[in-house]
Structure formats: structure tokens, C-alpha cells
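I have placed the structure first, in the form of C-alpha cells, so that the comments after it can refer back to it.
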Amino acid sequence: MSRPGHGGGVDRAAEELGFSREQIIDFSASINPLGLPASARQAILAAVERVTDYPEIDAHSLRRGLARHHDLPEANLLPGSGSTELIYHLPRTLRPRRTLIVDPAFSEYVPALQLAGSHVDTFPLRAEDAFQFTPQKLLAALHPDTEMVWLANPGNPSGAAVAPELLRGLAESLGACRLVVDEAFVDFAPGYSLLEAVTEHENLFVLRSLTKFYAIPGLRVGYLAGPAEDLERLAVERQPWTLSTLALAAARACLDDAAYRQLTLAEIPRLRNQLKEGLEQLSLTVYPSVANYLLFRVADHWPDAAILCSRLRQDGFLLRNCATFPSLDNRYLRVAVRSAAENQCLLDALAAMGG
Numbered sequence: 010m011s012r013p014g015h016g017g018g019v020d021r022a023a024e025e026l027g028f029s030r031e032q033i034i035d036f037s038a039s040i041n042p043l044g045l046p047a048s049a050r051q052a053i054l055a056a057v058e059r060v061t062d063y064p065e066i067d068a069h070s071l072r073r074g075l076a077r078h079h080d081l082p083e084a085n086l087l088p089g090s091g092s093t094e095l096i097y098h099l100p101r102t103l104r105p106r107r108t109l110i111v112d113p114a115f116s117e118y119v120p121a122l123q124l125a126g127s128h129v130d131t132f133p134l135r136a137e138d139a140f141q142f143t144p145q146k147l148l149a150a151l152h153p154d155t156e157m158v159w160l161a162n163p164g165n166p167s168g169a170a171v172a173p174e175l176l177r178g179l180a181e182s183l184g185a186c187r188l189v190v191d192e193a194f195v196d197f198a199p200g201y202s203l204l205e206a207v208t209e210h211e212n213l214f215v216l217r218s219l220t221k222f223y224a225i226p227g228l229r230v231g232y233l234a235g236p237a238e239d240l241e242r243l244a245v246e247r248q249p250w251t252l253s254t255l256a257l258a259a260a261r262a263c264l265d266d267a268a269y270r271q272l273t274l275a276e277i278p279r280l281r282n283q284l285k286e287g288l289e290q291l292s293l294t295v296y297p298s299v300a301n302y303l304l305f306r307v308a309d310h311w312p313d314a315a316i317l318c319s320r321l322r323q324d325g326f327l328l329r330n331c332a333t334f335p336s337l338d339n340r341y342l343r344v345a346v347r348s349a350a351e352n353q354c355l356l357d358a359l360a361a362m363g364g
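Residue 364, in my numbering, is where the sequence shown stops; the numbers in between run on with no holes.
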């Protein structure tokens, strides 16, 4: 099984191009452009002296911090080494025989489920519907043997979001079939979160990530919310020490940093709108997004996504070619929202080669 495609890869691009890291502008990985919170940096430095000791075996301090942050019982929360660890651990433990994935979707879902022995079906969303769906259509597409449904909210790579009340209704309608909602980017649009509903639905799991919003992808911190009984089973059937001392320190500091959250929620919509308007002025089709990234489609008279990514890479811009998503073709690209100056640099580069 080959490794799914992802964004990122700044060091490799810099080495291959003969650039410094500072000359690469990474639009392929959707990370908060405000960067590492100062509070997290200070916490990491303060924790360095403790790396000679083993970290917490079960990340109990972070679990307690998450419970306080979300006003949820600790028993309904399980920290992990990035949400991707939990994406693999969940099906490996619960063993769904058949799973439906709402597509396009994060590329790790399929291998995680297949490695757990699950048959995977997809429910493709359409560009003409702005990658939105109705629970009724999804329910109609279920196979009688489906035991788990996976979807992202906001969607990745689309950035489209489904109202939480619709997802609550979906969880209710699914009955014994489990619903896994990946909220890796919902901190950028907190009104769409379904997290508080995990105590109301025995079939609901919500994946969360601290990586994107707090710009700490190198530390790998995520968590899973869900039924206490299932989470206890997941906690027992996993390896110890999944989070490092530095990751735990940074994560706790991030959760306490209300000022950083406030600033991010004020800045990202403004920067996203600036980038969206600039892309639309180039006659590119840009899809609605509530996240810190935009999916767009280039018209047939433009170079395709692979050519655009290759040419822009030569100038130090990394973009996400979305042709690797099974339901998208070679006209789709995803770009992260970055600073105003960096966004403008990308727009200028696109204008120089498009149409």
C-alpha cells in the first residue's frame, strides 16, 4: 500500500531547489499563519529540562485540560499523537466491517480502515453542490451492513461546513451505526462543532487537532471525543507514552491562550476573503470555505494542477494538487490562507502564468 499524498515538505523542496527554508512559502499545508503561540514557545522551553524523564504514560494532564476547556467529562476525551494516530487506532480497535466515507476526504481514512479490515464505500460530493450534502441522501446511500460513517466538518479539501444540528439528526438516524466527524479545522469556525453532543449520542465520535489552529504540526497533538465505554477500550488497547513531554507542555499552554484564539478568529476570515477575491479576479472558481484554506478549480484554458504546482514550486510556492483525491480531477488545487503579503505574492505569481 503506497503512502497517501499530503501537503508540506518545506525542507525537501528547499534542498531540491537550492533555496533556504525562508524562500519557500508553503500554501500546501493548512497551518495557522500567525505561527506558534508565544505561550506555547515559552512552555516548550520551560519543559526542555524534563525530557530526561519519561512523559506522562497516559497524557492525563492534557486530558484534564481538555475536559476543563470543553466542559466535558474526562472519560469522554482521549488525547493522541495527532488526530492521525487516532484515525488509525479507532477502526483498529472497533473493527467496523463496512464503512462509508464522505468524499473528497482526508487521504488517511481509507488506509486506516482497510488496515483494520473494513470494506470502504464512498459517498461522493459534487462541485456543483459546493461539496455540501444532505443527511437524507447520505442515509439513502448506506449499505445495510454499514457499521461506521466518516466525514469531515469542515470538509477537507473543500472547507465546506454542515450545520451541527443536521449532523445531530444524522447521528440520531444512524442508530447503531457509528458516526465519526473529523473536526481537525473546526477551531477556525467553532460554531460548527459537534463536540458537546458526544455525551448525548452513544454512536458519535469527534476527532480534533491542535496542529492546525495552533501551528504545532511538528509536535503531533490531537484528541478524540466519544462514548466513555468505547474510549476506555481505546485507551487500554494502545501503546503507552504517545505524547512527548514537549507536546504536552505546548498543548496545555495552547488551551489556556484565549488571546491567540481571539486574534486568529479575527484575522483568518479577513485573510481568507482577501485571497478568495484575488483568486476570483483571476477567473478561478473558488468554493465556499469556513476554514483556513480554499479549494479552487482552474478553467480548461489554464495549465492543469500538476503543471501549475510544478511551475510555482520553481518560484518557491508549494500548493496542494488535489488530483490525488479520488473524486477530484487535475483541475483542482487547495491553498492555505497565509499572511496578506504572502497571499498577494501567490496571486501575482498565478496572474503571471494563468489563462
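Idealized CB from N, CA, C, for every residue including glycine.
These numbers were taken from a predicted model, which means no experiment stands behind them.
The alpha helix (DSSP H) spanning residue 178 covers which residue range?
Its alpha helix (DSSP H) spans residues 173-183.
Residues of its chain near residue 102, where Cβ-Cβ distance is below 7 Å and the 5 sequence neighbours each way are ignored: Non-local beta-carbon contacts of residue 102 in its own chain, meaning distances under 7 Å to residues more than five positions away in sequence, involve 242, 243, 246 in chain order.
Can you look up residue 8 in the DSSP assignment and give me helix, strand or coil? Past the edges of the chain, shown from 10 to 364, lies residue 8, and the structure says nothing about it.
Proximal residues to residue 12 (C-beta, below 7 Å), its chain only, five neighbours per side dropped:
Residue confidence is low: residue 12 scores 49 on pLDDT, short of 50, so the model does not pin down where it sits. Its coordinate-derived value is still stated next. Nothing listed; no residue qualifies.
Hey, out of 213, 253, 222, 139, whose CA is closest to residue 238's CA? Checked all of 213, 253, 222, 139; the closest Cα to residue 238 is 213.
Quick check on residue 43: does DSSP put it in helix, strand or coil?
In this structure, residue 43 counts as coil in the three-state DSSP scheme.
Out of 47, 91, 158, point me to the one whose CA is closest to residue 194's CA. In terms of CA proximity to residue 194, 91 leads the group 47, 91, 158.
_Three or more C-beta pairs under 8 Å: does that hold for the segment 345-358 against the segment 23-41?_
The segment 345-358 is in contact with the segment 23-41.
Please determine, among 191, 164, 314, the residue with the shortest C-alpha to C-alpha distance to residue 363. Of the candidates 191, 164, 314, the residue whose Cα lies closest to the Cα of residue 363 is 314.
Suppose the cutoff is 7 Å on Cβ atoms and the five residues either side in sequence are ignored; what does the same chain contact list for residue 79 look like?
So the qualifying residues of the chain are 204.
**Asked** Just curious, the beta strand (DSSP E) that residue 110 is in, first and last residue?
**Response** Counting along the chain, the beta strand (DSSP E) containing residue 110 begins and ends at 107-112.
Report the three-state DSSP secondary structure of residue 255 (helix, strand or coil).
Of the three classes helix, strand and coil, the one that applies to residue 255 here is helix, per DSSP.
* Asked: With distances taken from CA atoms, which of 105, 175, 353 is nearest residue 152?
  -> It is 105.
Across which residues does DSSP place residue 89 in a beta bridge pair?
Under DSSP, residue 89 takes part in a beta bridge, and its partners are 231.
- Query: Can the beta-carbon of residue 234 be found less than 8 Å from the beta-carbon of residue 81?
  - Reply: Yes; because the gap between Cβ atoms is below 8 Å, this pair is in contact.
Quiz prompt | Residue range of the unbroken alpha helix (DSSP H) whose run includes residue 269 | solution = Start and end: 267-290.
field: Contact the segment 165-174 vs the segment 131-140: 3+ CB pairs below 8 Å
entry: Yes: at least three Cβ pairs fall under 8 Å.
Should residue 317 be labelled buried (16 or more other beta-carbon atoms within 10 Å of its own) or exposed? It is buried - the Cβ of residue 317 has at least 16 other Cβ atoms within 10 Å.
At the level of alpha carbons, what is the spacing between residue 197 and residue 226? If you take the alpha carbons of residue 197 and residue 226, they lie about 16 Å apart.
DSSP on residue 322, reduced to helix/strand/coil? Three-state result, residue 322: helix.
Quick check on the burial criterion: 16 or more other C-beta atoms within 10 angstroms. Buried or exposed for residue 361? Taking all protein chains in view, the Cβ of residue 361 is surrounded by fewer than 16 other Cβ atoms within 10 Å, so the residue is classified as exposed.
Residue 302 lies in the alpha helix (DSSP H); which residues open and close that run?
Note, residue 302: premise wrong, no alpha helix (DSSP H); beta strand (DSSP E) at 302-306.
On the DSSP bridge assignment, give the partners of residue 315 in chain order.
-> Bridge pairing for residue 315: absent [DSSP].
Cβ-Cβ separation, residue 96 to residue 249 (assumed contact under 8 Å), whole Å
Wrong, their Cβ atoms sit about 19 Å apart, outside the cutoff.
Nearest-angstrom Cα separation, counted from residue 142 out to residue 229:
Roughly 31 Å separates the two Cα atoms.
Next item on the list: Taking only the alpha-carbon atoms, compute the straight-line gap between residue 202 and residue 156 and give it to the nearest angstrom.
Entry: The straight-line gap from Cα to Cα measures roughly 23 Å.
- Starting from residue 160 and walking both ways along the alpha helix (DSSP H), at which residues does that stretch end? Segment 157-161 is the beta strand (DSSP E) holding residue 160; no alpha helix (DSSP H) there.
request  = Go ahead and label residue 112 buried or exposed: buried means 16 or more other beta carbons lie within 10 angstroms of its beta carbon, across all protein chains shown.
outcome  = Under this definition residue 112 is a buried residue.
Beta-carbon contacts of residue 60 that lie in its chain and below 6 Å, excluding the five residues immediately before and after
Exclusion of the five residues before and after residue 60 leaves 254 as the residues of its chain whose Cβ lies within less than 6 Å of its Cβ.
Can you tell me whether DSSP reads residue 218 as helix, strand or coil? Correct three-state label for residue 218: strand.
- residue 301 burial status per 10 Å Cβ neighbour count (16 or more: buried): It is buried - the Cβ of residue 301 has at least 16 other Cβ atoms within 10 Å.
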